[in-house]
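S.K.: A single structure is presented below for examination.
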Amino acid sequence: MKFCHNNSKKKHYPGLRSAGIRHLEQAFRNSKLRQVLAWSLPLASLLTLAPTAQAQVATSVDWGTGAAGEAVDFPVGTNQNTYTNVGGSGVDVRVTVGGDVGNNGNANLDLTDSDFVSPSPPDETLLINLLGGNGDEATVTIEFLLTGTDTPVDVTLASFPIYDLDILFNNGSVSWQDEVVVSATSGGTPVTGITTSDGPALNEGTFNQEVIGPTSVTITGVAPGDDPNNPTQNANSPRFPGQVPGPNSNFVGDFVNGNVTVDFPNAADTITIQFSNGPGTEDFAPHAIAIGDINFTAPPLVAEEPAIGVSKRVVSAITQADGDFEVVYETTVENLGNVTLNNVQLTEDLDDTYGEGAFSIIGGPTFTPQGVANEVALTPNPGFDADAPNGTPGDTNILAAAQTLQVGEESTFRFTVEIDNDQITTPGTFTNQIEAVGTSPNNTTVDDDSDDGVETDADPNDGNPGGGPTENDPTPVQLPPTEEPFIGVSKRVISATTQADGDFEVVYETTVENLGNVPLNNVQLTEDLDDTYGEGAFSIIGGPTFTPQGIANEVALVPNGNFDADAPVGAPGDVNILVGNQTLDVGENSTFQFTVEVESDLVTVPDTFLNQIEAVGTSPSGTTVDDDSDNGVDTDPDPGDGTPGGGPNENDPTPVLLPPTPVIGVAKQVSSSVIEPAGTFGNATARVTYDIVVANVGTVPLEEVQVDEDLDSVYGAGAFEVVDVTLTAGATTLAADPGFDGIVGGNTTLLADTAGTPTGTLAVGASTTFQLVVDVNTSSPNLTPPLPGPYVNQVAASATDADGNTTNDLSDSGPVVDPDGDGDPNEPGENDPTQISFEPDLRLLKRITQLTRNGVELALEGDSADPNGDGQRLQTLSNNTLPLGLTNVSNTLQSGDLVEYTVFFFNIGTGTAENVEVCDELQPPSILQPGSLELSQPTVGGNLNFSPNGPLFEKDPLEPLEPSCLSAPGEFPSSNALPGPAGVGAGGGVVVGGPESGLNVETSAIGAFRFEIRIP
């Protein structure tokens, strides 16, 4: 796989920006996937400097040296102590000891004393002494916290020794045995990779036995003088009989006790040590273990910079039938800082906007999901009335108490206000702001006044919501509202039947709706069927009749009893479905049905007959609005934005096929394809999820509905297994067959049946969606075709009508069974197979990760815009463990500044990307720093370990470009156009990987490379 990278050629560089990646092409060549990507890196925008970020700090909790109890410092009578800002790292270490712990009547066994361990370690240790009963247990919890807070902090490379692990035999039986189980967590998730090593070099040696599990280590003591060849006192732990000695066990000499060091190479915020006494029946002596100094490396920590932002907008403003106004507001609050915010609150006082007593809250506040990242549902305050208690009870709090927002989280709410029109002066503009407040872990209170719109930090999205000239603008609403009248209408066929005399009977349904913000008067629906069937070829034999749908805001307009759908062309006729002077208030809708009889000998059949209804209405100011009906039940289906004629799928005529025939349609699409190590075939499992839609697109009810799916022909016999079939949406008159396996000779029918006869039915216009999950064995020799595919598939749908007439359809690729909506899903281009290939999908993400000036690392400020979502994909793949850096920084650059770029590459596909190559052409004035190019080989989990070793190539200006570079053929950029110092050494580039480089990226693996450039 090959990539190219190219920086933009701007000469001015007040700041830096790392823009998104543009995917150019993807194809297989010589059995290896080659993919070319490009992104630009303009040196632009301005920046202010933040407090300098702290570097990583290696430090330890040192129990001290000297007299007993000198440095442990647990408060008297307590079992918990916090060691603050250990080694200036910004990390507090809180140690809690619980369980059966005590001094057993011996003053030398307090928590503050570690001299009990014999021979004594060189430094003070934390003594954990059991009370002395059989089966006693004690627990030591070590928590790493942001200084001055309860916020957990992940540290790395933690380690500590444990002293005095031993065992006591009495007359050939075990009296007691020390046993320690050590584990750790990060964010509540168990930490893997815990190891042990030899204890400190004391006379005690390392007498212990180990059981190393995936997320814990169990260490047991060994008796003095143990000999693995001695059957009476051997190394077999009473807890783990027959267990072979661990790699750190030592059986030489006759020592009193054993020591071991426990290491945590992976990040952890909490370590737990459980010390047990057992399993003997006697206990002849007090015993204990001791914990030595706790070493760890603190992460780079940035000074607390809390910030909160809030926005507010008017969603709608309408005039009600009684002349009062209804305004729907929406507000979003967001944590824009770098620490958790507690006691988050939004306050809204509308007394100053409309006047006390002139308004009331008639809806909400209600959490309103926006479908954005980091969205959380804070709890609203049901007592909110937006009325400041000025002499009367009131509650201006939108949220319940004690709400919390983590860094980057946001929450959106809506509430509806009714304003009494006779208590305000209109016309007028009424402005208002919401205030947001929150408290940082260090009890710093931050606040913000809302800005009009949806952005909580609109100018310039810099994390400072009150810092821009266009921020904190009040939200205005004009009352009476500026007129925006809209009307929408839909039409569908309920049924079509052939009568005994051969004529046809068609039942139509139409819905009209006020989609604007003002009432509509003189609402009318007109239907002219002359152009559909021909004058004299039809008659209205039923309706129009109001037909309740049981939906919100439904009203019964009055139908026209004289409606005949016959335009008065030479003969009397009435195309009005409604009587005159009908009114729809804002949001109201009304539905009618009417029945048409069509004379079979006056129309040409078989044929599809199309028709539309027109809706009209008049606003209070006299503006006339109209709409042509769309097929279906939705008056504004695309995109449901209040403009019913504004979308490409709107205003579609309604078809009916005569004579009526059954028509079934089916569509199939792949909704996801991922490697699933926990699947049927382990790491070789590709889990494919299909969505299958079955629909009745005809005019008669369907019976005996069935879908046939043969997966043998797709993947090969034995190369797959069906995981699940589930109904996910639509009509429940169809049901999945739990015995479906997709195997020829097994069960290839997807839907339930009785004795081989399908039991499913579909009403006219009804549809059902099923989700089919299949595990594919990518290592199976039967997989056909071999990797990467493609694997092509269609399902076959069938059904009958009540008279036994059959209908069939092969699936079309996608979610729509009849893309052109004409009632015939079997037309050319509407039966395309669905296919999938198991191939790698390599993504690139370039970020600015460090800015250094005069040897001092500066804190970066800016944003991490993620236009194509790859940043979020990378964080998900790495369990949010990677510091990704910024897309844009606004620091003002100076001559001599060093800027570090990190390029992450990761595979979200279902195969290995082989021989990856990335080419980065550096544009002047960037000057590549020699020796700065480093590579972190791709691994699953994304634990970055940069090294100068590997297929890394620093390219000088004017060297020939690699064929994979976007500008090839040609030369790497040079500084010819830049006179003076700015041109010395500028340009060139870097190449990572290449043909036969062996730089391979497995599924879910993450790699990265980094380099520095100098600003001249």
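All residue numbers for the sequence shown refer to the numbering used here, where the first residue is 135 and numbers rise by one.
All residues carry an ideal CB built from backbone N, CA and C; glycine is no exception.
In this text, all values refer to a predicted model and were calculated from it rather than measured experimentally.
(1) Take the Cβ of residue 212 as the centre, count every other Cβ of all protein chains shown within 10 Å, and call the residue buried at 16 or more, exposed below.
(2) Any idea if residue 845 is buried or exposed, counting beta-carbon neighbours within 10 angstroms, 16 or more meaning buried?
(3) In the structure shown, what three-state DSSP assignment does residue 662 receive?
(4) Let me know the beta strand (DSSP E) ranges lying completely inside the stretch 1084-1135, each 3 residues or longer, listed in chain order.
(5) Helix, strand or coil: which one does DSSP assign to residue 847?
(6) Would you report the Cα separation of residue 1192 and residue 322, rounded to the nearest angstrom?
(7) If you draw a straight line from the alpha carbon of residue 578 to that of residue 485, how long is it in whole angstroms?
(8) Going straight from the alpha carbon of residue 556 to that of residue 796, what length do you get?
(9) With C-beta atoms as the reference, is residue 288 less than 8 Å away from residue 401?
(10) In whole angstroms, give me the CA-to-CA distance for residue 829 and residue 680.
(11) Using 10 angstroms around the beta-carbon of residue 330, count the other beta-carbons present and answer buried if the total reaches 16, otherwise exposed.
(12) Closest to residue 629 by C-alpha separation, out of 1065, 1121, 1127 and 729, would be which residue?
(13) Taking the continuous beta strand (DSSP E) assigned at residue 761, which residues delimit it?
(14) Have a look at the DSSP bridge pairing and note the partners of residue 710.
(15) Report yes or no: do the stretch 741-757 and the stretch 472-490 share at least 3 C-beta pairs separated by less than 8 Å?
(16) Based on DSSP bridge pairs, tell me the residues matched to residue 531.
(17) With a threshold of 16 other CB atoms inside 10 Å of the CB of residue 685, please say whether the residue is buried or exposed.
(18) What are the boundary residues of the alpha helix (DSSP H) that includes residue 1008?
(19) Is the stretch 900-911 close to the stretch 865-875, with three or more CB pairs under 8 Å?
(20) Please name the residue, chosen from 541, 282, 1045 and 668, that lies closest to residue 509 on a Cα-to-Cα basis.
(21) Which one of 1133, 654, 974 and 1031 has the shortest CA to CA distance from residue 990?
(22) Per DSSP, what are the beta-bridge partners of residue 495 in this structure?
(23) Taking the Cβ atom as the reference point for each residue, do residue 281 and residue 218 lie within a distance shorter than 8 Å?
(24) For my contact list, residue 1079 and residue 1070 are in at a C-beta cut-off of 8 Å; report their separation, rounded to the angstrom.
(25) Would you tell me roughly how many angstroms separate the C-alpha atoms of residue 916 and residue 876, rounded to the nearest one?
(26) Go to residue 1025, then tell me how far its beta strand (DSSP E) extends in each direction, as first and last residue.
(27) Count the CB pairs spanning the stretch 831-851 and the stretch 928-935 that are closer than 8 Å, and state whether there are at least three.
(28) Once DSSP output is grouped into helix, strand and coil, what is the label at residue 456?
(29) Excluding five sequence neighbours on each side, which residues of the same chain lie with their C-beta closer than 6 Å to the C-beta of residue 1148?
(30) Taking C-alpha atoms, which residue in 1087, 497, 347 and 327 lies nearest to residue 1122?
(31) Could you pull out every residue in the same chain whose Cβ sits closer than 6 Å to the Cβ of residue 277, ignoring the five residues on either side in sequence?
(32) Taking 8 Å as the limit between beta carbons, can you name the residues of its chain near residue 506, skipping five residues before and five after?
(33) Measuring straight from C-alpha to C-alpha, what distance separates residue 299 and residue 395?
(34) Mapping DSSP to helix, strand and coil, what is residue 1066?
(35) How big is the Cα-Cα spacing for residue 842 and residue 944?
(36) Is it the case that the Cβ atoms of residue 1081 and residue 1146 are separated by a distance below 8 Å?
M.R.: Taking the coordinates as given:
(1) Within the sequence shown, numbered from 1, the residue matching residue 212 stands at position 78. Exposed is the call here.
(2) The residue given as residue 845 occupies position 711 in the sequence shown. With 16 or more other Cβ atoms within 10 Å, it is buried.
(3) On the sequence shown, position 528 is the one that residue 662 refers to. Coil, per DSSP.
(4) 1086-1089 and 1123-1127
(5) By one-based count along the sequence shown, residue 847 stands at place 713. Helix.
(6) Here the chain covers residues 135 to 1150 and nothing more, so residue 1192 does not appear.
(7) Position 444 of the sequence shown, counting from 1, holds the residue named residue 578. Position 351 of the sequence shown, counting from 1, holds the residue named residue 485. Approximately 29 Å between the Cα atoms of the pair.
(8) Translated into positions along the sequence shown, residue 556 becomes position 422. Translated into positions along the sequence shown, residue 796 becomes position 662. So the two alpha carbons sit approximately 59 Å from each other.
(9) Here residue 288 refers to the residue found at position 154 of the sequence shown. Here residue 401 refers to the residue found at position 267 of the sequence shown. Cβ distance < 8 Å, so residue 288 and residue 401 count as in contact.
(10) Numbered from its first residue, the sequence shown carries residue 829 at position 695. Numbered from its first residue, the sequence shown carries residue 680 at position 546. Cα to Cα, the separation comes out at about 27 Å.
(11) Position 196 of the sequence shown, counted from the start, is the residue given in the question as residue 330. Buried, by the Cβ-count rule.
(12) Sequence index remark: in the sequence shown, residue 629 carries index 495 (1-based). The option with the nearest alpha carbon to residue 629 is 729.
(13) Indexing the sequence shown from 1 puts residue 761 at position 627. 758-762 is the extent of the beta strand (DSSP E) around residue 761.
(14) For the purposes of this step, residue 710 is taken as the residue at position 576 of the sequence shown. DSSP lists 660 as partners of residue 710.
(15) no
(16) By one-based count along the sequence shown, residue 531 stands at place 397. In DSSP, residue 531 forms a bridge with 481.
(17) Position 551 of the sequence shown holds residue 685. Exposed, since its Cβ has fewer than 16 Cβ neighbours within 10 Å.
(18) Here the question's residue 1008 lines up with position 874 in the sequence shown. Start and end: 1004-1011.
(19) yes
(20) Working through the sequence shown from its first residue, we reach residue 509 at position 375. Nearest of 541, 282, 1045 and 668 to residue 509, Cα basis: 541.
(21) To locate residue 990, count along the sequence shown from 1; it is residue 856. Nearest of 1133, 654, 974 and 1031 to residue 990, Cα basis: 1031.
(22) Locating residue 495 in the sequence shown gives position 361, counting from the first residue. 551.
(23) By one-based count along the sequence shown, residue 281 stands at place 147. By one-based count along the sequence shown, residue 218 stands at place 84. It is a contact, given that the beta carbons lie within the stated cut-off.
(24) Taking the first residue of the sequence shown as 1, we reach residue 1079 at position 945. Taking the first residue of the sequence shown as 1, we reach residue 1070 at position 936. That pair is a contact at about 5 Å.
(25) To locate residue 916, count along the sequence shown from 1; it is residue 782. To locate residue 876, count along the sequence shown from 1; it is residue 742. Taking the straight line from one Cα to the other gives about 16 Å.
(26) Mapped onto the sequence shown, residue 1025 falls at position 891. Segment: none, residue 1025 is in no beta strand (DSSP E) and carries neither H nor E.
(27) yes
(28) As a position in the sequence shown, residue 456 is number 322, starting the count at 1. If DSSP states are grouped into helix, strand and coil, residue 456 belongs with coil.
(29) Position 1014 of the sequence shown, counting from 1, holds the residue named residue 1148. Once the five neighbours on either side are set aside, the close Cβ partners of residue 1148 are 1032, 1061 and 1063.
(30) Here residue 1122 refers to the residue found at position 988 of the sequence shown. With distances taken between Cα atoms, residue 1122 lies closest to 1087.
(31) Your numbering for residue 277 matches position 143 in the sequence shown. Contacts found: 228 and 404.
(32) Counting from one through the sequence shown, the residue named residue 506 turns up at place 372. The answer, listed in chain order, is 544.
(33) Taking the first residue of the sequence shown as position 1, residue 299 is located at position 165. Taking the first residue of the sequence shown as position 1, residue 395 is located at position 261. Taking the straight line from one Cα to the other gives about 12 Å.
(34) To locate residue 1066, count along the sequence shown from 1; it is residue 932. In the structure shown, residue 1066 sits in coil (DSSP, three-state: anything other than H, G, I, E or B).
(35) Mapped onto the sequence shown, residue 842 falls at position 708. Mapped onto the sequence shown, residue 944 falls at position 810. Answer to the nearest angstrom: the Cα atoms are 10 Å apart.
(36) Here residue 1081 is taken as the residue at index 947 of the sequence shown, counted from 1. Here residue 1146 is taken as the residue at index 1012 of the sequence shown, counted from 1. Cβ distance not < 8 Å, so residue 1081 and residue 1146 don't count as in contact.
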